[in-house]
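Just so you know, we're using the numbering used here here: the sequence shown kicks off at 2 and counts up by one.
C-beta atoms are modelled at their ideal positions from N, C-alpha and C, and glycine is treated no differently.
Note sheet for the following structure.
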Amino acid sequence: MFTVVSAFGFDTADQSRVAAQIVTGVGFLGAGTILRSGVTISGLTTAATIWATAAIGMAVGSGMYIASTAGTVLVLVILYLFAPAREHSE
2 MFTVVSAFGF
12 DTADQSRVAA
22 QIVTGVGFLG
32 AGTILRSGVT
42 ISGLTTAATI
52 WATAAIGMAV
62 GSGMYIASTA
72 GTVLVLVILY
82 LFAPAREHSE
């Protein structure tokens, strides 16, 4: 979604550079949520959800409402379907 929004969501190149910086900043934020304790790693789902939410927010901000709605539905379905696997792994 980041790529689509950067390519088609903005009229000028300068605005698409802002989108690139959002990806970088949110990537650092997500990296901060990933924790390792011995062989246990936690926070991956949180990091991925933060990253996906930023992509959806960029799509909404650039007026791509159909793509953002589809992305929201996709993220919610994935989180709902894989919740049992996540609970089983903890």
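Using the Cα positions of Ser69 and Ile79, report the straight-line distance between them to the nearest angstrom. Here residue 69 refers to the residue found at position 68 when the sequence shown is read from its first residue. Here residue 79 refers to the residue found at position 78 when the sequence shown is read from its first residue. When rounded, the distance between both Cα atoms is 15 Å.
Residues in its own chain within less than 8 Å of Ala49 by CB, not counting five upstream and five downstream? Start at 1 with the first residue of the sequence shown, and residue 49 comes out as number 48. Closer than 8 Å at Cβ, skipping near neighbours: Gly31.
Roughly how many angstroms separate the alpha carbons of Leu36 and Phe29, rounded to a whole number? Locating residue 36 in the sequence shown gives position 35, counting from the first residue. Locating residue 29 in the sequence shown gives position 28, counting from the first residue. Whole-angstrom Cα-Cα distance: 13 Å.
Length of the line joining the Cα atoms of Ala56 and Ser43: Position 55 of the sequence shown holds residue 56. Position 42 of the sequence shown holds residue 43. Roughly 22 Å separates the two Cα atoms.
Three-state secondary structure (DSSP) at Ser63? Taking the first residue of the sequence shown as position 1, residue 63 is located at position 62. Correct three-state label for Ser63: coil.
Could you give the first and the last residue of the continuous beta strand (DSSP E) run that contains Ile42? As a first step, residue 42 is located in the sequence shown; it is residue number 41 there, counting from the start. Element bounds for Ile42: 41–43.
Check whether the Cβ atoms of Val24 and Ala53 lie closer than 8 Å to each other. By 1-based counting over the sequence shown, the position of residue 24 is 23. By 1-based counting over the sequence shown, the position of residue 53 is 52. Not in contact: Val24 and Ala53 (Cβ atoms no closer than 8 Å).
Can you tell me whether Ala20 is buried or exposed? The criterion is at least 16 other CB atoms within 10 Å of its CB, across all chains shown. Counted from its first residue, the sequence shown places residue 20 at position 19. Buried is the call here.
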